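Asker:
There are 2 protein chains.
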Amino acid sequence: MEFAKRLDNVSGSAIRAIFALLAQPGMISFAGGNPSPESFPKEDIAEISASLLCENGSAILQYGGTPGIGSLKSTVIDMMKSRSISAKPEEIIITSGATQGIGLAAKTLVNPGDVILAESPTFIGALQTFLTYEADVKGVEMDEEGMVIADLEKKLKAYRPKFVYTIPTFQNPTGRTMSFERRKQMVALCKQHGVLILEDDPYCDLRYSGQPVPPIKSLDDDNVVIYLMSFSKIISPGLRVGAAIADPRIIEKYNIAKQGEDLHTANLSQEIVNAYMRSGKAEPHIESISAQYRDKRDAMLKKMEEWPESITYTKPDGGLFIWASLPGHMNAVDLFKQCVDAGVAYVPGVHFFPEGGHENTMRLNFSMASFDQIEKGMNILKGVIEKSI
Amino acid sequence: MEFAKRLDNVSGSAIRAIFALLAQPGMISFAGGNPSPESFPKEDIAEISASLLCENGSAILQYGGTPGIGSLKSTVIDMMKSRSISAKPEEIIITSGATQGIGLAAKTLVNPGDVILAESPTFIGALQTFLTYEADVKGVEMDEEGMVIADLEKKLKAYRPKFVYTIPTFQNPTGRTMSFERRKQMVALCKQHGVLILEDDPYCDLRYSGQPVPPIKSLDDDNVVIYLMSFSKIISPGLRVGAAIADPRIIEKYNIAKQGEDLHTANLSQEIVNAYMRSGKAEPHIESISAQYRDKRDAMLKKMEEWPESITYTKPDGGLFIWASLPGHMNAVDLFKQCVDAGVAYVPGVHFFPEGGHENTMRLNFSMASFDQIEKGMNILKGVIEKSI
């Protein structure tokens, strides 16, 4: 059986092997990126769902339009105002999660061999998706303030990329937030080089400390930014609803490309998200999960203070992840096996780097585990690390 | 702005122009392929949805696995038994409608320039999707019994296609059903040439007359068939749920390719479909909509008896469509404008042909319009045609 060349370099098997291990009974997982299972407003959504279907079931159960439901687009427009982004309906398409917005960027913009720049490290799912479109992903160095602008400029010139993929706020996997100054520099540079920016922003509402930093899209007066938002982290990832905001010509291409994927995002998911956002319940809900995640972040960071001093780690102001760097001689891939045997899992950092390497790094998720699991799991992790250091 | 080459040949603008017209007040539409809006079991689904979310909301609202929910896969396996198809869980992936199963076939199997064979005429959505993967779609002649086997054999030899796309039962757009004999010949030929078959079967449960013909997949002892089923026509298209059944190696590739689209089909949609299929309500529901569509088909066919004798048309045993051929000198694209001005719409047949032409043909949908609309719309159509013949 001969498959398409575009899938040759994609297996995802290492990551899937990790996630298969999480199914083991009793395993404490700091590996996923899932919201806390207690965080979902399931009773509210049950009530909303039943009432929507009774009132408007004939339309909800019928085929919908590919761009998405108009009232949800209006809701997204309203939400964007608080992020200093102004958008018109023709600049929006509802997507099946921000994930689809990432895939559609590659599908509509990338020819085989084209370069995409991305933070090094970056989101594994995006890396895999870019590979399925035969993109050549090059990493841009990052520090505590996000992408290093000098390295970005060098690589914009050297590679003439199709776009720059960035998660500027509470980045996956590092938890870092790009500074306001860097955001301005990034827009100016990309505009100057005629290169688009794909800004993936699923975590921005989950802020636990520090001051909000406006999205790159809000600094964009020339429509060089494709902005991806998501309802996965603030309501539910299982409903699969997000949106892309961009130049209408890009949205038009997204529309055509989405027709050959799922035709449209499930109407019931769209209507539930819309009704919930307009119910007055979303804001207190987001405050409540943020408070919970803040405490979990603090609990995990507190345990990390007990780790050997040679280990460095990020202290994120929001999002779901902490990023740790062990001493250079240590290998978080080897260590992973010992940790799993001892009952705790994380994701070795190597998988997040476009060019590999950095075997001494690891990503820790603090949203999914309970406080007890954080306490117990971090103790196990410390024990294994101390034995190997 | 420079887009990917794969989207160069796809605009869909002719079709979208047609569907934009349908929004005009009072327009009678025989153009769509939608289920009747009265056909949806909205109260049952409202009840099921609320109960699922209350009982199992934490899992439903969380991320799911890309292959789909296990219990829904079991339901699909059970449904397939009545179609004489036996499938194992690793041979199934839940898709966001059969549409996604079509797109994933192209994504996982087609390199730019590869040939796909398809019935001439065939489903517009599939044609457009195949173009986005830069496939070269060649039409295979068809008659009342489906694909003409001699032409299929000639083109299998001439083009060495990546796969043959077929809708063997109540085909879109013709309403025709491929005979059992032809199905056997098709499997044998494709097996002999080492060519896969993509069998798209969304309509098979909507049979109004004649005897069921087993799917091509049921005659396949060598896993050459990728079988696509859908819940869109029997429960709801707005939920976006279907499934693909194929060789586990193909399902594995579908799984990887779907990760970069929507990650997984919305859990709530999957759970609703599963619970509804297991509720005991699905069978009487399908019988009830079939009875309704049978009457609508009969109403439309009865009106067509009044048309000039030089017009031929199909008399489908099921599905949603009738296919009409006007005398060769007539042009259904020109006629379309007059019909729309007079308040009735259809889809000109030319759009369904991989190589174009056949401007004298038209597709008529009978499921969406009410009986009154069928009566009135068919009178208008007859008047316009008689003036132009």
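As given, the protein sequences belong to chains Y and A, one line each in that order.
Heads up: the first sequence runs through residues 309 to 697, numbered per our numbering.
Heads up: the second sequence runs through residues 309 to 697, numbered per our numbering.
All C-beta atoms in this analysis are idealised placements derived from N, C-alpha and C, irrespective of residue type, glycine included.
Computed from a prediction, not measured in an experiment: that's the story for all the values here.
Under 7 Å between beta-carbons, which chain A residues line up against Y/L329? List them in chain order, please.
Answerer: In chain order: nothing, as chain A lies at least about 15 Å away.
Asker: Please go through the same chain and pick out, in chain order, the residues whose beta-carbon is closer than 6 Å to the beta-carbon of A/N531, but skip the five residues on each side of it.
Answerer: Cβ within range, chain order: D555.
Asker: Identify whether Y/R605 lies in helix, strand or coil by the three-state DSSP scheme.
Answerer: Correct three-state label for Y/R605: helix.
Asker: For a test of the three-state rule: what should DSSP assign to A/E452, helix, strand or coil?
Answerer: Looking at A/E452 - three-state DSSP - the assignment turns out to be coil, as it is neither helix nor strand.
Asker: Return the first residue and the last residue of the beta strand (DSSP E) that Y/F629 is part of.
Answerer: F629 to S633 is the span of the beta strand (DSSP E), which, as asked, contains Y/F629.
Asker: Tell me which residues share the same chain as A/G368 and place their Cβ nearer than 8 Å to its Cβ, disregarding the 5 neighbours each side in the sequence.
Answerer: Contrary to the premise, residue 368 of chain A reads as Ile rather than Gly in this sequence. Only L360, L361, N575, L576 and E579 meet the Cβ criterion.
Asker: Give every residue of the same chain whose Cβ lies closer than 8 Å to the Cβ of Y/E461, excluding the five residues on either side of it in the sequence, and list them in chain order.
Answerer: Counting only Cβ-Cβ distances below 8 Å, and skipping sequence neighbours, we find L497.
Asker: Can you pull the DSSP bridge partners for A/A653?
Answerer: According to DSSP, which records beta bridges pairwise, A/A653 is partnered with A/S337.
Asker: Between Y/G421 and chain A, is there a C-beta pair that is closer than 8 Å?
Answerer: So, not an interface residue.
Asker: When the distance is taken between beta carbons, is A/P635 closer than 8 Å to A/I542?
Answerer: Against a cut-off of 8 Å, the Cβ pair of A/P635 and A/I542 comes out as no contact.
Asker: Between the segment 493 to 515 of chain A and chain Y, which residues of the former have a C-beta closer than 7 Å to a C-beta of the latter?
Answerer: Those residues of the segment 493 to 515 of chain A that come within reach of chain Y (Cβ to Cβ, closer than 7 Å) do not exist; the list is empty.
Asker: I'd like to know if Y/V384 contacts chain A, where contact means its C-beta is closer than 8 Å to some C-beta of that chain.
Answerer: False, the Cβ-Cβ gap to chain A never drops below 8 Å.
Asker: Enumerate in chain order the residues of its own chain whose CB-to-CB distance from A/N342 is below 6 Å, with the five nearest sequence positions on each side excluded.
Answerer: So the qualifying residues of the chain are M676.
Asker: Using CA coordinates, which residue listed in A/M309, A/M387, A/P420 and A/G657 is at the minimum distance from Y/K470?
Answerer: The shortest C-alpha separation from Y/K470 is found at A/M309.
Asker: By the three-class DSSP mapping on this structure, what secondary structure does A/K365 have?
Answerer: The amino acid at residue 365 of chain A is misidentified as Lys; the sequence shows Gly. It is helical.
Asker: Count the other CB atoms, across all protein chains shown, that sit within 10 Å of the CB of A/D386; report buried if there are 16 or more and exposed otherwise.
Answerer: With fewer than 16 other Cβ atoms within 10 Å, it is exposed.
Asker: So, with DSSP's three-state summary, where would you put Y/K446?
Answerer: Strand at Y/K446.
Asker: For the ligand GDP, is there a heavy atom less than 7 Å away from the beta-carbon of A/F644?
Answerer: The model depicted lacks the ligand GDP and carries no ligand whatsoever.
Asker: In whole angstroms, what is the alpha-carbon distance linking A/E399 and A/E683?
Answerer: Each residue's alpha carbon lies about 46 Å from the other.
Asker: Three Cβ pairs or more, each shorter than 8 Å: is that satisfied between the segment 479 to 488 of chain A and the segment 618 to 629 of chain A?
Answerer: Verdict: yes, contact present.
Asker: Grouping DSSP H, G and I as helix and E and B as strand, with all else coil, what is A/Y516?
Answerer: If DSSP states are grouped into helix, strand and coil, A/Y516 belongs with coil.
Asker: On the criterion of 16 or more Cβ atoms from any shown chain inside 10 Å, does A/S557 qualify as buried, or is it exposed?
Answerer: Reading off the sequence shown, one finds Arg at residue 557 of chain A, where the question assumed Ser. That one is exposed.
Asker: With a cut-off of 8 Å, do at least 3 Cβ pairs link the segment 557 to 570 of chain Y to the segment 312 to 327 of chain A?
Answerer: The answer is yes - the segment 312 to 327 of chain A touches the segment 557 to 570 of chain Y, with three or more Cβ pairs under 8 Å.
Asker: Measuring only the C-alpha atoms, how far is Y/P545 from A/I377?
Answerer: Approximately 15 Å, taken between the alpha carbons.
Asker: Given that a residue counts as buried once 16 or more other Cβ atoms are within 10 Å of its Cβ, and exposed if not, what is Y/S596?
Answerer: Looking at its Cβ environment, which holds fewer than 16 other Cβ atoms inside 10 Å, Y/S596 is exposed.
Asker: Apply the 10 Å Cβ neighbour rule to A/K289 and answer buried if 16 or more other Cβ atoms are within range, or exposed otherwise.
Answerer: This structure cannot speak to residue 289 of chain A, because chain A is shown only from 309 to 697.
Asker: Taking DSSP's pairing of strands, which residues face A/N687 in a bridge?
Answerer: DSSP lists no partner for A/N687.
Asker: Where are the beta strand (DSSP E) runs, 3 residues long or more, that stay fully inside the segment 404 to 492 of chain A, in chain order?
Answerer: Counting only runs of 3 or more, we get 423 to 428, 444 to 451 and 471 to 474.
Asker: List the residues of chain Y that A/Y371 touches, going by C-beta distances under 7 Å, in chain order.
Answerer: The contacting residues are N342, P545 and G546.
Asker: Nearest to Y/N639 by alpha carbon, out of Y/L628, Y/V652, Y/G665 and Y/K415?
Answerer: When only C-alpha atoms are compared, the closest one is Y/G665.
Asker: Any C-beta of chain Y sitting closer than 8 Å to the C-beta of A/P345?
Answerer: Cβ-Cβ to chain Y under 8 Å: yes for A/P345.
Asker: If you reduce the DSSP assignment to three classes, tell me which class Y/T622 lands in.
Answerer: In this structure, Y/T622 counts as coil in the three-state DSSP scheme.
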